[in-house]
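This is the structure in structure tokens:
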């Protein structure tokens, strides 16, 4: 098995990192519920400035937001996808749409982890991008 933070990709595409915004933001009780959009923007900015810690190769980061966090805009280094419905469903769609490349989904959601690993993606928890 490859290391999800430094996989050997059969293609020349960078590692696709799909971040479950609601799950990652919700993993720390820091008052995020008072301003969900602001919390998602802070996560986006952190991802844009730090990338994926421990990863030296190129990555494409997609932050998926839902609900009250919809409307967060993309910035250089992080594409933001506002899920029209379930964020989990959009993450699964993105994972399936990119089946020809290495994919890493950042979430602690057990059911989402099951769904994306069934599609061949690697998974890691929120601490990967928060520590």
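Numbering (the working numbering), first residue to last: 8 to 138. C-beta atoms are modelled at their ideal positions from N, C-alpha and C, and glycine is treated no differently.
Given a cut-off of 8 Å, decide if residue j and residue i are closer than it, judged by their beta-carbon atoms.
i           : j           : result
residue 118 : residue 93  : no
residue 66  : residue 22  : yes
residue 96  : residue 116 : no
residue 37  : residue 71  : no
Mind reading off the beta-carbon distance from residue i to residue j? Whole number of angstroms is fine, and I expect it under 8 Å.
i           : j          : result
residue 123 : residue 99 : 6 Å
residue 55  : residue 83 : 7 Å
Using alpha carbons as the reference points, say which of the options lies closest to residue i.
i           : options           : result
residue 135 : 61, 46, 65        : 61
residue 75  : 101, 39, 67       : 39
residue 114 : 19, 22, 33        : 33
residue 25  : 46, 137, 52, 87   : 87
residue 108 : 121, 120, 96, 127 : 127
residue 78  : 132, 46, 35, 121  : 46
residue 112 : 125, 130, 106     : 130
residue 137 : 20, 121, 30       : 30
residue 64  : 89, 20, 105, 106  : 20
Could you spell out the range, first to last residue, of the beta strand (DSSP E) harbouring residue i?
i           : result
residue 27  : 22 to 27
residue 89  : 85 to 89
residue 110 : 110 to 113
residue 67  : 66 to 72
Where do the N-terminal and C-terminal ends of the alpha helix (DSSP H) with residue i fall, by residue?
i           : result
residue 124 : 117 to 124
residue 54  : 43 to 57
residue 129 : Note, residue 129: premise wrong, no alpha helix (DSSP H); beta strand (DSSP E) at 129 to 131.
residue 134 : 134 to 137
residue 100 : 94 to 104
With a CB to CB cut of under 6 Å and the five nearest residues on each side skipped, what residues in its chain are close to residue i?
i           : result
residue 17  : Note that residue 17 has pLDDT 48, beneath the 50 cutoff, so the model's placement of it is unreliable and no number is given.
residue 110 : 23, 102, 128
Enumerate in chain order the residues of its own chain whose CB-to-CB distance from residue i is below 8 Å, with the five nearest sequence positions on each side excluded.
i          : result
residue 58 : 66, 68, 84
Can you name, in chain order, every residue of its own chain whose Cβ lies under 7 Å from the Cβ of residue i, other than the five neighbours on each side?
i          : result
residue 44 : 75, 76, 78, 79
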